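In my numbering, the protein residues as written are 3 to 122. This report concerns only the one structure given below.
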Amino acid sequence: MWMNQLEYRKAYNLDELISKIMSGYKKDNFCLYTKEYESSARADLICYLEMYPVISDDDDDDDDEVYPEFVINNSLELFFYGDQFLDVLRNISTQKENPSMEDFIAGLNFYLENDNFIDL
Numbered sequence: 003m004w005m006n007q008l009e010y011r012k013a014y015n016l017d018e019l020i021s022k023i024m025s026g027y028k029k030d031n032f033c034l035y036t037k038e039y040e041s042s043a044r045a046d047l048i049c050y051l052e053m054y055p056v057i058s059d060d061d062d063d064d065d066d067e068v069y070p071e072f073v074i075n076n077s078l079e080l081f082f083y084g085d086q087f088l089d090v091l092r093n094i095s096t097q098k099e100n101p102s103m104e105d106f107i108a109g110l111n112f113y114l115e116n117d118n119f120i121d122l
């Protein structure tokens with residue numbers, strides 16, 4: 003059975019991305035990136051999906067994260083790891099039968115600020 007797939011390297015408004023994921027769109031192994039460093043989520047925030055950074059295993063002692071070429075070439079900043087993003091959305095949807103977009107945005111912001119899930 004063919005599943006609706008989200009696309010890497012495509013611009014999504016955050017609310018559009020949340021709506022697609024909650025209606026069954028899928029993507030494995032992604033992070034959310036933004037054009038500039040963002041400390042909070044908002045519905046109209048433009049996000050891009052791309053692969054996770056990888057840890058370089060060069061000879062120095064630093065474990066540097068190496069970002070995908072698309073992220074580097076477009077000067078994007080990591081906004082959310084995909085697994086954390088999906089966990090927040092799942093947490094909200096298990097607490098409330100028909101969560102609003104504001105509920106999801108509040109949950110994402112709470113997680114960004116507290117590294118924990120919100121109680122609705």
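The beta-carbon is built from N, C-alpha and C at its ideal position, and this holds for glycine as well. These numbers were taken from a predicted model, which means no experiment stands behind them.
TODO: Please work out which residues of its chain come closer than 7 Å, Cβ to Cβ, to F87, disregarding the five sequence neighbours upstream and downstream, and give them in chain order.
DONE: L34
- [ ] With a threshold of 16 other CB atoms inside 10 Å of the CB of E40, please say whether the residue is buried or exposed.
- [x] buried
Task: Span separating the alpha-carbon of L47 from that of I23 - done: 16 Å
- [ ] Would you kindly report the start and end of the unbroken alpha helix (DSSP H) that includes F32?
- [x] No alpha helix (DSSP H) holds F32; DSSP gives it neither H nor E.
Open item on the list: Based on DSSP bridge pairs, tell me the residues matched to Q97.
Closed with: Beta-bridge pairing links Q97 to no other residue.
Open item on the list: Please classify E67 as buried or exposed, where buried requires at least 16 neighbouring CB atoms within 10 angstroms.
Closed with: exposed
Task: Contact with chain C by L91, beta-carbon distance below 9 Å - done: Within the model displayed, chain C is absent; a lone protein chain is all it includes.
- [ ] Output the distance between the C-alpha atoms of P70 and Y50, rounded to the nearest integer angstrom.
- [x] 12 Å
Task: Pick from A13, L78, N116 and M53 that is closest to V90, judged by C-alpha positions - done: N116
Open item on the list: Taking its Cβ as the centre, do 16 or more other Cβ atoms sit within 10 Å of G13, making it buried, or is it exposed?
Closed with: Contrary to the premise, residue 13 reads as Ala rather than Gly in this sequence. With fewer than 16 other Cβ atoms within 10 Å, it is exposed.
Task: Environment of E52 [buried if 16+ CB atoms lie within 10 Å] - done: buried
Open item on the list: Going by DSSP in three states, F81 sits in which element: helix, strand or coil?
Closed with: strand
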